[in-house]
Every structure is written in C-alpha cells, then in structure tokens.
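Student:
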Amino acid sequence: MKYSLCTDLLYLEIGPTGPIFSDTNKLLAGMELAKKTGFGAMEFWDWDGRDWKALLKKKQELGLELSAICAKDRGTLADPSTHEQAVKGLAETIEVAK
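Residue numbers for the sequence shown follow our numbering, beginning at 21 and rising by one.
1. Determine the direct distance from the alpha carbon of Gly95 to that of Lys78, and round the result to whole angstroms.
2. Between the region 87 to 94 and the region 57 to 74, are three or more C-beta pairs nearer than 8 Å?
3. Out of Ile34, Lys22, Leu48 and Leu30, point me to the one whose CA is closest to Leu76's CA.
4. Going by DSSP in three states, Ala88 sits in which element: helix, strand or coil?
5. Where Lys56 and Asp99 are concerned, what is the direct C-alpha to C-alpha distance, given to the nearest angstrom?
6. Measure the beta-carbon distance from Asp66 to Phe41 and round it to whole angstroms, keeping in mind my assumption that it falls under 8 Å.
7. Would you mind sorting Met21 into buried or exposed? The rule is 16 or more other CB atoms within 10 Å of its CB.
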C-alpha cells in the first residue's frame, strides 16, 4: 500500500470566513517534509493560483509521486447551472496533471 501526504492539510488555517489554503511556498515545504518522513507521494487541493511549475520541479527533484489534486473551479456535474464550469475546470486540471 502506498501512502501520500496531503500537503494542504499540513498548513490549513481556519479564518473567520472559512479555510485559508496554503501558498506555494508552504506546499514546497510540505513536499520536503513528505520526502524527509518517508512518504513516496503527496497530494494537494487547488492548483490554480499556485506556481504549479515550481511544484512540478520540486516533485521531480524529490522523486515524489503526485497522487491527487482537485479540479479547478469545481462545480457540480449533476447541477445544470454549474455543469459546464465543472467540465471546463476538469479539462484544465487534466492538462496540468499530465
């Protein structure tokens, strides 16, 4: 069984209006911690608005696998009012994930 470390969860803060997600630098630090503590894979949530090229470079440098990321602009596929947004966000995420 392979385990992955959710780097977003390491640095998640809760503010008055809800979750405050970590920035790219915190994700990079989380990747270092994942490698240092023996994890072979990592995951994070939203990629949009973060320097995903820096994350890719660090992933390759450390030899980590990326086990999961969340789709951009998550709408709900079952909701007609957000279906197109969800499909578009998923298509963009698939390209970034590749």
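Ideal placement from N, C-alpha and C gives every residue a C-beta, glycine not left out. None of the values given here were measured: they were computed from a predicted structure.
Tutor: Working from what's here:
1. Cα to Cα, Lys78 sits roughly 29 Å from Gly95.
2. Because the criterion of three Cβ pairs below 8 Å is met, the region 87 to 94 and the region 57 to 74 touch.
3. Looking from the CA of Leu76, the closest CA among Ile34, Lys22, Leu48 and Leu30 belongs to Leu48.
4. Assignment of Ala88 by DSSP, reduced to helix, strand and coil, places it in the strand class.
5. Near 42 Å, if we compare the C-alpha coordinates of Asp99 and Lys56.
6. Rounded to the nearest angstrom, the Cβ distance from Asp66 to Phe41 is 6 Å, consistent with a contact under 8 Å.
7. Exposure of Met21 is indicated by the presence of fewer than 16 other C-beta atoms within 10 angstroms of its C-beta.
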